[in-house]
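These notes are about the structure you will find just below.
Residue numbers (our numbering): 570 to 925.
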């Protein structure tokens with residue numbers, strides 16, 4: 570595996586030279602692409618040089634240990650350090666998800682459980698908004714369909730990074746593990762007998778597509794307008810501002826009614842549609858490449874859950890990786906990193922095992 574690094578060193582040096590040329594920056598798209606690749610390669614090159622230097626240090630220490638026993642312990646310490654560098658380098662060389670640095674559109678949809686499920690969907694939305702705030706991301710609710718008690722039947726939110734990000738720290742890189750069925754166990758606000766109920770909400774996370782990534786033909790869309798429903802400003806419920814877009818080749822339907830103008834709703838609906846089409850294309854490609862791909866659960870069924878939120882025990886459990894903690898209140902307040910990191914670590918371990 571490490572032989573490939575020599576090629577990467579050459580590519581890294583070439584990128585450095587090209588980025589130093591002012592002419593390259595005349596094309597901002599190309600400059601961003603080169604900067605992105607340079608940022609991806611830099612940690613690999615840095616780790617590889619440290620790994621090689623550690624090897625040289627070990628050889629020197631072994632030679633000195635032949636004449637001076639005091640260097641024997643140093644050899645052991647250096648060897649342990651190089652083993653850690655080897656593990657880090659192996660992990661850095663595992664192929665990355667090309668969408669890791671993308672922004673996402675996250676959708677939360679109430680499932681089984683009626684009004685209680687809608688309230689839980691609202692809790693999940695608040696958790697993700699708080700998490701985005703803690704990380705320093707920007708979150709924007711694109712469209713929502715509220716419930717009578719203040720929850721959400723469904724809601725879509727765009728989550729974006731601010732400024733330059735480190736490789737592996739993009740929104741998709743962290744939130745892609747959130748897709749699936751989330752189950753809640755608690756006494757609902759609608760329960761008068763104090764009994765614990767189980768309900769569920771579904772989360773779908775898709776990388777947000779740029780227009781150049783997804784081609785949508787002018788004859789591929791059917792656009793319908795209708796009167797908005799639910800609370801809103803003066804124009805809501807009085808004008809046909811809500812938009813429903815049907816992508817005819819795939820049958821994907823997207824609706825948006827949050828904005829006051831028909832044009833704004835159309836633009837927001839197209840954002841969601843592009844992200845869904847990109848996700849569908851990526852899933853098809855991955856399905857062809859491997860039957861073992863891990864997919865997000867599309868059905869909101871309590872039996873098919875990735876995570877359980879148990880309020881009486883203040884416990885959160887991720888069933889995919891065996892993570893369990895008793896700080897559910899803090900997680901729902903946005904302290905989601907330990908849960909996500911458990912998924913990241915498990916994913917990395919599986920990739921390392923497959924590559925070895």
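In this text, a Cβ means the ideal position worked out from N, Cα and C, and glycines have one as well.
Would you report the Cα separation of residue i and residue j, rounded to the nearest angstrom?
i           : j           : result
residue 867 : residue 671 : Unreliable placement is indicated for residue 867, whose pLDDT of 39 sits below 50; no coordinate value is reported for it.
residue 842 : residue 716 : 24 Å
residue 732 : residue 669 : 15 Å
residue 698 : residue 667 : 25 Å
residue 648 : residue 607 : 30 Å
residue 832 : residue 811 : 9 Å
residue 887 : residue 876 : 4 Å
residue 581 : residue 705 : 29 Å
residue 587 : residue 707 : 32 Å
residue 741 : residue 729 : 9 Å
residue 604 : residue 658 : 21 Å
residue 906 : residue 630 : 41 Å
residue 795 : residue 692 : 29 Å
residue 602 : residue 884 : 42 Å
residue 597 : residue 609 : 18 Å
residue 727 : residue 827 : 14 Å
residue 928 : residue 766 : Nothing can be reported for residue 928, as the shown portion of the chain is limited to 570 through 925.
residue 622 : residue 923 : 28 Å
residue 642 : residue 620 : 19 Å
residue 911 : residue 638 : 42 Å
residue 590 : residue 579 : 17 Å
residue 640 : residue 626 : 11 Å
residue 593 : residue 787 : 34 Å
residue 861 : residue 852 : Reliability fails at residue 861, whose pLDDT of 32 lies under 50, so the model's placement of it is uncertain and no value is given.
residue 725 : residue 600 : 32 Å
residue 634 : residue 917 : 37 Å
residue 822 : residue 840 : 12 Å
residue 914 : residue 636 : 43 Å
residue 893 : residue 882 : 11 Å
residue 895 : residue 572 : 45 Å
residue 656 : residue 850 : 33 Å
residue 899 : residue 632 : 54 Å
residue 746 : residue 797 : 33 Å
residue 809 : residue 686 : 30 Å
residue 737 : residue 678 : 27 Å
residue 775 : residue 709 : 15 Å
Terminal residues of the continuous alpha helix (DSSP H) containing residue i?
i           : result
residue 615 : 597–634
residue 656 : 640–662
residue 745 : Taken as a continuous stretch (DSSP letters only), residue 745 belongs to no alpha helix (DSSP H), as it is neither H nor E.
residue 886 : Run containing residue 886: none in the alpha helix (DSSP H); it sits in the beta strand (DSSP E), 884–887.
residue 686 : 683–704
residue 582 : 573–588
residue 900 : 897–901
Would residue i and residue j qualify as a contact pair, given that the criterion is a beta-carbon distance under 8 Å?
i           : j           : result
residue 690 : residue 720 : yes
residue 927 : residue 660 : Outside the shown range of the chain (570 to 925) lies residue 927, about which nothing can therefore be said.
residue 541 : residue 752 : Since the first residue shown for the chain is 570 and the last is 925, residue 541 is missing from the structure and cannot be characterised.
residue 773 : residue 748 : yes
residue 825 : residue 674 : no
residue 789 : residue 757 : no
residue 696 : residue 897 : no
residue 682 : residue 768 : yes
residue 920 : residue 574 : no
residue 755 : residue 880 : yes
residue 909 : residue 743 : yes
residue 770 : residue 680 : yes
residue 750 : residue 874 : yes
residue 792 : residue 829 : no
Less than 8 Å between the CB atoms is what I'm expecting for residue i and residue j, so what's the real figure, rounded?
i           : j           : result
residue 814 : residue 838 : 5 Å
residue 723 : residue 684 : So it is not a contact: roughly 14 Å between Cβ atoms.
residue 777 : residue 844 : 5 Å
residue 616 : residue 584 : Contact doesn't hold; Cβ gap of about 17 Å is too wide.
residue 927 : residue 688 : Nothing in the structure corresponds to residue 927, since the chain is present only between 570 and 925.
Can you tell me where the beta strand (DSSP E) with residue i in it begins and where it stops?
i           : result
residue 786 : It is not in any beta strand (DSSP E) - residue 786 carries neither H nor E in the DSSP assignment.
residue 709 : 707–715
residue 768 : 766–776
residue 816 : 811–816
residue 752 : 749–755
residue 725 : 721–729
residue 675 : 673–679
residue 890 : Premise fails: residue 890 is in no beta strand (DSSP E) and is neither H nor E.
residue 823 : 821–825
residue 877 : 876–879
Are any of the Cβ atoms in chain C nearer than 8 Å to that of residue i?
i           : result
residue 773 : In summary, chain C is missing from the structure at hand, where a single protein chain is found.
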